[in-house]
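Worksheet: the structure to be examined is printed underneath.
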């Protein structure tokens, strides 16, 4: 199996899991946060969704500026909008993976925040850390938020207390 095929399969699984979480977001609690230093529920869900857009970006660019994607707009999204965006990012990511060659994954990619160089990594490592692992990390946080709000937590990699497999 080519690397891009494995990444595409994993992407589809992660999107399915993320979609289940987003569909359970209580609209009346999007401004809620468990601690003053925490993201709101809506901000965290938006961040998770938008991380999927970085897959396409990381596959077509050798220099990624995180500051370029930041918005001053702090409007809490609705769950349906987030699911729609997630599906768009999935289509874009799968198309970019389909067009990728094995050599593309060894190309070094710079990750910046404005003028500040954060790191330079092989594209494969950048995809793993910036997209896949990052999504999994924050989706875990989102599951805690849902639990604290008494929203049933879906099964992701195995059963949850609310959803046996």
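Residue numbers (the UniProt record's numbering): 1 to 165.
Beta carbons are placed, not taken as given, at the ideal position from N, Cα and C, and that holds for glycine.
Could you round the C-beta distance between residue 64 and residue 100 to whole angstroms and report it? I think they count as a contact, below 8 Å.
Start at 1 with the first residue of the chain shown, and residue 64 comes out as number 64. Start at 1 with the first residue of the chain shown, and residue 100 comes out as number 100. Between residue 100 and residue 64 the Cβ distance is about 16 Å, and since that is not below 8 Å, they are no contact.
First and last residue of the uninterrupted alpha helix (DSSP H) at residue 48:
Taking the first residue of the chain shown as 1, we reach residue 48 at position 48. Taken as a continuous stretch (DSSP letters only), the alpha helix (DSSP H) holding residue 48 covers 41-51.
Which residue's Cα is closest to the Cα of residue 7: 24, 142, 90, 50?
Looking up residue 7 in the chain shown gives position 7. Of the listed residues, the one whose Cα sits closest to residue 7 is 90.
Quickly, what does DSSP pair residue 161 with across the bridge? List them, please.
The residue you call residue 161 lines up with position 161 of the chain shown. Partner(s): none; residue 161 has no beta bridge.
Which residues share a DSSP beta bridge with residue 1?
Numbered from 1 along the chain shown, position 1 holds the residue referred to as residue 1. None, per the DSSP bridge assignment.
As assigned by DSSP and simplified to three states, the class of residue 122
Residue numbering aside, residue 122 sits at position 122 when the chain shown is read from its first letter. Residue 122 falls in the strand class under three-state DSSP.
Terminal residues of the beta strand (DSSP E) in which residue 133 lies:
Indexing the chain shown from 1 puts residue 133 at position 133. Counting along the chain, residue 133 falls outside any beta strand (DSSP E), and DSSP gives it neither H nor E.
Are there 16 or more other CB atoms within 10 angstroms of the CB of residue 80, so buried, or fewer, so exposed?
Along the chain shown, one-based indexing puts residue 80 at 80. The residue in question, residue 80, is exposed, as its Cβ has fewer than 16 Cβ neighbours within 10 Å.
Please classify residue 45 as buried or exposed, where buried requires at least 16 other C-beta atoms within 10 Å of its C-beta.
The sequence position of residue 45 within the chain shown is 45, counting from 1. Per the 10 Å Cβ criterion, buried.
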